[in-house]
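To start, the structure itself, in structure tokens.
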Ligand code: G3I
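In the UniProt record's numbering, the protein residues as written are 185 to 520.
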């Protein structure tokens with residue numbers, strides 16, 4: 185399908201990109217990626233388990249080919265992610281005594297030293313090739329009264345892992361925009377906790393440049409008004425916002441399971457993409473990039489989450505053909 189407009193030629197207010205795992209950079213997938221998108225995010229290759237599987241042994245075998253491809257094809261790169269509670273090897277949280285770390289001064293010193301060493305190595309390896317880093321990912325938990333996720337990072341260091349991560353990332357990658365990234369930021373309680381944390385840390389001088397909204401949503405949820413409130417909340421902070429992991433599931437609860445995506449769901453999905461991109465473009469002064477969490481429906485994390493079933497959350501179908509969702513983004517008059 186080379187007769188249809190390129191997404192990046194239609195949406196020019198900010199780069200639009202996709203997450204890639206490897207298969208996207210070869211043959212037809214690579215052509216589709218290059219034709220439509222302006223940015224990529226390695227979906228797994230830059231995470232801790234991929235880059236430092238054992239202590240102080242760094243390997244970029246997964247990420248280097250993706251980064252080289254992006255550079256060769258003029259795609260901007262979002263670095264995801266330096267610090268997370270998932271996909272982090274167990275050794276990181278194991279103390280010098282071989283036991284799981286706890287809130288002791290000794291464990292805290294060791295954990296922050298490991299964090300600093302990790303960021304120094306990974307961020308330095310890519311230098312200016314990576315212009316944006318998700319420095320910390322998913323640190324908010326609105327079920328806690330203080331809104332802070334009780335990860336081992338938090339248990340052992342309090343907020344110091346966040347402070348250290350941003351400080352070191354700024355030092356090693358002074359050119360890069362540094363982001364705090366999270367999901368469900370359209371949920372008022374979560375959004376408010378994130379806002380409070382960012383405001384507090386920035387007041388301390390922690391170098392946070394932007395807020396990343398993942399935007400894993402579905403055809404029924406949330407409303408556009410709720411998504412607008414998510415963006416509006418952060419405007420007073422005067423920081424960048426990015427949409428970092430968008431997809432729109434065709435499912436609205438865990439018990440549904442469709443062998444093929446129903447036409448009415450795909451239509452609803454097209455309207456969600458239409459309305460969300462219209463919203464993003466209205467906030468073009470705040471939003472500096474929009475990333476979809478995948479290139480086409482043949483490769484999506486939603487096929488196994490929250491249960492195993494075929495989902496279809498992206499702009500192109502499993503045969504790489506443009507869906508109604510694609511027209512929602514590029515030319516809503518042609519949604520059918
Ligand atoms: O690499 C192993 C492979 O060796 C093994 O054979 C295979 C069998 O299960 O698993 C492979 O690892 C999988 C990995 O993706 C790479 O494909 C993991 O099981 C699987 O859990 C992992 O899922 C990733 C998920 O993060 C893990 O938390 C998804 O691909 C990735 O898209 C997803 O991305 C996250 C963002 O980083 C943060 N926000 C939410 C988003 C969606 O969950």
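From the three backbone atoms N, C-alpha and C, an ideal C-beta is built for every residue, glycine too.
This structure is a prediction, so every number in the text was calculated from the model and none was measured.
Check residue 396 in the structure and name its three-state DSSP category.
Three-state result, residue 396: strand.
Name the DSSP bridge partner or partners of residue 316?
Residue 316 has 262, 361 as its beta-bridge partners, per DSSP.
Decide if the stretch 368-375 is in contact with the stretch 412-419; the criterion is three or more beta carbon pairs, one per stretch, under 8 Å apart.
These segments touch.
Can you name, in chain order, every residue of its own chain whose Cβ lies under 7 Å from the Cβ of residue 291, other than the five neighbours on each side?
Answer for residue 291: 279, 285, 340, listed in chain order.
Would the stretch 467-482 and the stretch 417-437 be scored as touching if the rule is three or more Cβ pairs under 8 Å?
Contact between the stretch 467-482 and the stretch 417-437 is established, with three or more Cβ pairs separated by less than 8 Å.
Say yes only if the C-beta of residue 228 is nearer than 6 Å to one or more non-hydrogen atoms of the ligand G3I, and no if none qualify.
Indeed, a heavy atom of the ligand G3I lies less than 6 Å from the Cβ.
Residue 223: first and last residue of the uninterrupted beta strand (DSSP E) it sits in
Its beta strand (DSSP E) spans residues 223-226.
Please confirm whether residue 325 and residue 264 have their CB atoms less than 7 Å apart.
Between residue 325 and residue 264, the CB-CB gap reaches or exceeds 7 Å.
In chain order, which beta strand (DSSP E) runs of at least 3 residues are fully inside the stretch 205-247?
You should have 223-226.
Reference residue 516; option with closest CA among 451, 365, 440:
When only C-alpha atoms are compared, the closest one is 451.
Three-way DSSP call (helix, strand, coil) for residue 403 in this model:
The answer is coil: DSSP assigns residue 403 none of H, G, I, E or B.
For the stretch 444-509, which segments carrying the alpha helix (DSSP H) assignment without a break, of at least 4 residues, lie completely within its bounds, in sequence order?
Residue ranges of uninterrupted alpha helix (DSSP H) with 4 or more members, entirely inside the stretch 444-509 and ordered along the chain, are 447-466.
When DSSP labels each residue in this structure, what does residue 512 get in the three-state scheme?
In this structure, residue 512 counts as helix in the three-state DSSP scheme.
List the endpoints of the continuous beta strand (DSSP E) containing residue 425.
Residue 425 -> beta strand (DSSP E) spans 424-433.
Would you say the beta carbon of residue 402 is closer than 6 Å to some non-hydrogen atom of the ligand G3I?
No, Cβ of residue 402 sits at least 6 Å from all heavy atoms of the ligand G3I.
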